[in-house]
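Please read the structure below before turning to the comments.
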Amino acid sequence: MQPQAASNSGPGELEPAPVQHQISGGYRHLLTALASRAHRFGSRDPEAAAQEALTRSWENTKSKAALEFYFRNDVAPHAAPPAWSLDQLLAWLHVVLRYVVSEERGRVAYRMEVSLDRHSEAWNERSLPEPSDPGANQLHQLLQRELESILSECFPKLDSEYQAVLRLRGAGMKYDEIAVRLGQKENTVATWLSRAIRDLAGCIKRRMQRIGKK
Amino acid sequence: MSEITQSWFDEKLARFARGEVSPDEAHELAQASLESHAWFEDLTATALAKTAVSSVPVPTAPLRHARWRSPFLLATAAAIVIGIFVVNYAMRVSSKQRDSARIASLQPPSMYRPSPTLAFAPGSAQPVLLAEGLQLATPARTTQVFRGNQSSRSPRQTGAIILVEDGQATINLGSVDGLAKGSEVEVYRDNTLKHPAGTLLVGTLFREQARADVGPKDLKVKYVVQVTDGDHLQALIQQATASEARGDLTEARRAAASAIKWANNATVTTSQKASAAELLARLDFTAKDLAGAEMHYRAALDFLSADQHVSQNDLAEVQNDLAALAMLRGDYNSADKLLRGNPPIPAKPNLRAERLNNLGVLAETRGDRTQAESFYTQALAILPQDLPNERRVAEANLARVKGLH
Chain Y
1 MQPQAASNSG
11 PGELEPAPVQ
21 HQISGGYRHL
31 LTALASRAHR
41 FGSRDPEAAA
51 QEALTRSWEN
61 TKSKAALEFY
71 FRNDVAPHAA
81 PPAWSLDQLL
91 AWLHVVLRYV
101 VSEERGRVAY
111 RMEVSLDRHS
121 EAWNERSLPE
131 PSDPGANQLH
141 QLLQRELESI
151 LSECFPKLDS
161 EYQAVLRLRG
171 AGMKYDEIAV
181 RLGQKENTVA
191 TWLSRAIRDL
201 AGCIKRRMQR
211 IGKK
Chain F
1 MSEITQSWFD
11 EKLARFARGE
21 VSPDEAHELA
31 QASLESHAWF
41 EDLTATALAK
51 TAVSSVPVPT
61 APLRHARWRS
71 PFLLATAAAI
81 VIGIFVVNYA
91 MRVSSKQRDS
101 ARIASLQPPS
111 MYRPSPTLAF
121 APGSAQPVLL
131 AEGLQLATPA
141 RTTQVFRGNQ
151 SSRSPRQTGA
161 IILVEDGQAT
171 INLGSVDGLA
181 KGSEVEVYRD
191 NTLKHPAGTL
201 LVGTLFREQA
211 RADVGPKDLK
221 VKYVVQVTDG
231 DHLQALIQQA
241 TASEARGDLT
251 EARRAAASAI
261 KWANNATVTT
271 SQKASAAELL
281 ARLDFTAKDL
291 AGAEMHYRAA
301 LDFLSADQHV
311 SQNDLAEVQN
321 DLAALAMLRG
331 DYNSADKLLR
341 GNPPIPAKPN
351 LRAERLNNLG
361 VLAETRGDRT
371 QAESFYTQAL
381 AILPQDLPNE
391 RRVAEANLAR
401 VKGLH
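First to last, the sequence lines map onto chains Y and F. The first sequence: position 7 = 7 (my numbering), numbered continuously. The second sequence: position 394 = 394 (my numbering), numbered continuously.
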């Protein structure tokens, strides 16, 4: 389920750098949505940050294929689905955008020669790769850290039933197996799972809204 | 896309959360999310939640290690560790500290952080809970039916009359199938179970067979007999406890979970369902699955609460076990609700004493030692003399809290 960036991150598999208008032409709405998020993350130039995040995603074979499938408004009918699911693509875009904005803020801080307290950020600089251009492997590591951080913050806040169903689902159990394990009906398991994801998403959304305020 | 409404998006997002959308639907959803920044954020948050759950090991217990990242808590922990060393040193140089009250009194009050436990040790520096269902040292509850070896067959709900002789019918179901002397067994003419032929009252019981008077009924060999749902559930529960007694906890939990699943669609009382849920909760706890234990105790409590004729003792016991579990994970507010919120008054003095002891633990964790002392004293006053282990716990709690004043 996790983005398999490591497997296709070799230099030989990278796509040539895109011409900017190629991206913006087909993905205007996506750029606007990402720019809005970049603004909330504290970017001084949200549109450039969104463009940069999309450009970096374009350089990765799998994220590019997923971008084309899910976000091009003129995708061919019955086109073959990409290797990445929509979940994977959106998680990837989120972490790349966060990296780009952090990088931008780091550059600003360096230029101003001001000692900023970067450690006050939820996603502090220790979690960032070297200032040089990060490879897909590093971005993948960042994504893993972000996901771990999300779980450590949000999972304990869930109701115990929801935690239990997520644990069992995470262990690879099917609905009917979880139902037996918990002594519940399969419908109940499905409902709990749905609500668990919803509550987890609510916590993540609040977390995302806090990022730019720190 | 112009027809997209909030309800359409919500419904699609819910299906997306459950992993039910096809790639084409995902494309449609992704496109739709761009209509509104709020929708795009909702979709991204849901995607992150799904990805986190599927690609990162979900914590098996509250992420305690995360707390160490807090400098304040780290400093507090360090202070506690230093405090413990100081106390240990003080204990070594002193030749007079042998009773538990003094051990506790050596701890500077400002450093004393009560952490409820179920493990009793003489002179325990921590408040000890009393919870009958959670005492791991308690031997497995006696099973009424011998199931000593693993090859014992599983309980059956239907069997047959195998002999009719001298006014008595012998059936191929017995105690292993949940029957007891006096149990009723329905008799049918065939396997469809649609043509009743009467009822048998078990008079003589064996492990895999039973005999009953036929009376005036016209019963024949090969007629089908069926154990009531209640008796069958009892057999399933006994099967789980027998596995536990053999030390096969995994099988015991599997059997208990199967029993609950079967009971959900059977004609059994809510108290019987509660018994199965309570058993699974206890097995979960033994397996150190505290979240599972709490969930199944809650299920048991829900079943019991729905029963108009519920035993106040049963209700109080489950509430007390749940409160103890809540305190073990530091959820004192839930424990408070369970112990104080309109609780039933159990007839059994040991159950009343357990609750009072645990109210004392709750008060102690909240720093109210005067109230804690009062609860421990009350618990000790009503604890029967024939429960020496429970009395030792309450005595140690009382001695410790007195030493802290």
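Ideal Cβ placement from N, Cα and C applies to all residues, glycine included. Please read these numbers as outputs of a predicted model, since none were measured by experiment.
Given a limit of 8 angstroms on CB to CB distance, which residues of the stretch 37-53 of chain F reach chain Y?
H37, F40, E41, D42, L43, T44, A45, T46, A47, L48, A49, K50, T51, A52, V53
According to DSSP, is V225(F) helix, strand or coil?
strand
In whole angstroms, what separates the C-alpha of P384(F) from that of G403(F)?
25 angstroms
Own chain residues within Cβ distance below 6 angstroms of D87(Y), not counting five before or after:
none
Going by DSSP in three states, Q168(F) sits in which element: helix, strand or coil?
strand
Would you say F71(Y) faces chain F, with C-beta separation under 8 angstroms as the test?
yes
Any beta carbon of chain Y sitting closer than 8 angstroms to that of R355(F)?
no
Rounded C-alpha distance that separates E28(F) from Q144(Y):
27 angstroms
Sort S194(Y), I211(Y), A49(Y) by Cα distance to D10(F) and report the nearest one.
S194(Y)
Against chain C: residues of the stretch 251-284 of chain F by CB proximity under 7 angstroms:
Looking at the structure shown, chain C is missing, and the protein chains on hand are Y and F.
How close, in whole Å, do the beta carbons of L339(F) and V318(F) come, if the pair is a contact with beta carbons under 8 angstroms?
Not quite, the Cβ-Cβ distance comes to about 12 angstroms (not below 8 angstroms), so this is no contact.
Spatial neighbours of F285(F) within its chain, please: C-beta separation below 6 angstroms, excluding the five flanking residues on both sides.
L134, A293
Give me whichever residues DSSP pairs with T204(F) in a beta bridge.
R211(F)
What in chain Y is Cβ-close to E294(F), meaning under 8 angstroms?
S160
So, is G360(F) buried or exposed, given that buried needs 16 or more other C-beta atoms within 10 angstroms?
buried
At 9 angstroms on the CB atoms, spell out the chain Y contacts of A160(F), in chain order.
Here the premise fails: no neighbours, minimum Cβ distance about 29 angstroms.
Quick one: give me the first and last residue of the alpha helix (DSSP H) that Y188(F) is part of.
No alpha helix (DSSP H) holds Y188(F); the beta strand (DSSP E) holding it covers 184-188.
Please list the terminal residues of the continuous alpha helix (DSSP H) segment that includes V180(Y).
175-182
What did DSSP end up calling L338(F) once you bin it into helix, strand or coil?
helix
Whole angstroms is fine: what's the gap from H296(F)'s alpha carbon to L151(Y)'s?
24 angstroms
I'd like to know if L34(F) contacts chain Y, where contact means its C-beta is closer than 8 angstroms to some C-beta of that chain.
yes
V101(Y) (DSSP reduced to helix, strand or coil):
helix
Of all Cβ atoms in chain F, is any one closer than 8 angstroms to the Cβ of M173(Y)?
no
Tell me P346(F)'s beta-bridge partners as DSSP assigns them.
Answer is none; P346(F) lacks a bridge partner.
Between N358(F) and K174(Y), what straight-line distance do the alpha-carbon atoms span, to the nearest angstrom?
39 angstroms
Which residues in chain F sit within 9 angstroms of S36(Y), going by Cβ to Cβ distance?
H37, F40, E41
With DSSP as the reference, label F16(F) as helix, strand or coil.
helix
Rounded to whole angstroms, what's the CA-CA distance from V393(F) to E278(F)? Just pull it up for me.
24 angstroms
Drop a sphere of 10 angstroms on the beta-carbon of A104(Y), count the other beta-carbons inside from all chains shown, and report buried for 16 or more, exposed for fewer.
Looking at the sequence shown, residue 104(Y) is not Ala but Glu. Counting Cβ neighbours within 10 Å, E104(Y) comes out buried, since at least 16 surround it.
I need the straight-line Cα distance from G167(F) to F206(F), nearest angstrom please.
18 angstroms
Taking all protein chains shown into account, decide if E165(F) is buried (16 or more other Cβ within 10 angstroms of its Cβ) or exposed.
exposed
Counting only the same chain and skipping the five closest in sequence on each side, list residues whose C-beta sits under 7 angstroms from that of A38(Y).
P46, A49, A50, L97, V101
Compute the Euclidean distance between the alpha carbons of R153(F) and A245(F), then round it to the nearest angstrom.
16 angstroms
Contact check, T158(F) vs Q209(F), beta carbons under 8 angstroms:
no
Using a beta-carbon distance cut-off of less than 7 angstroms, what residues from the stretch 88-106 of chain Y approach chain F?
Q88, L90, A91, H94
The stretch 256-267 of chain F contacting the stretch 179-187 of chain Y, beta-carbon criterion three pairs below 8 angstroms
yes
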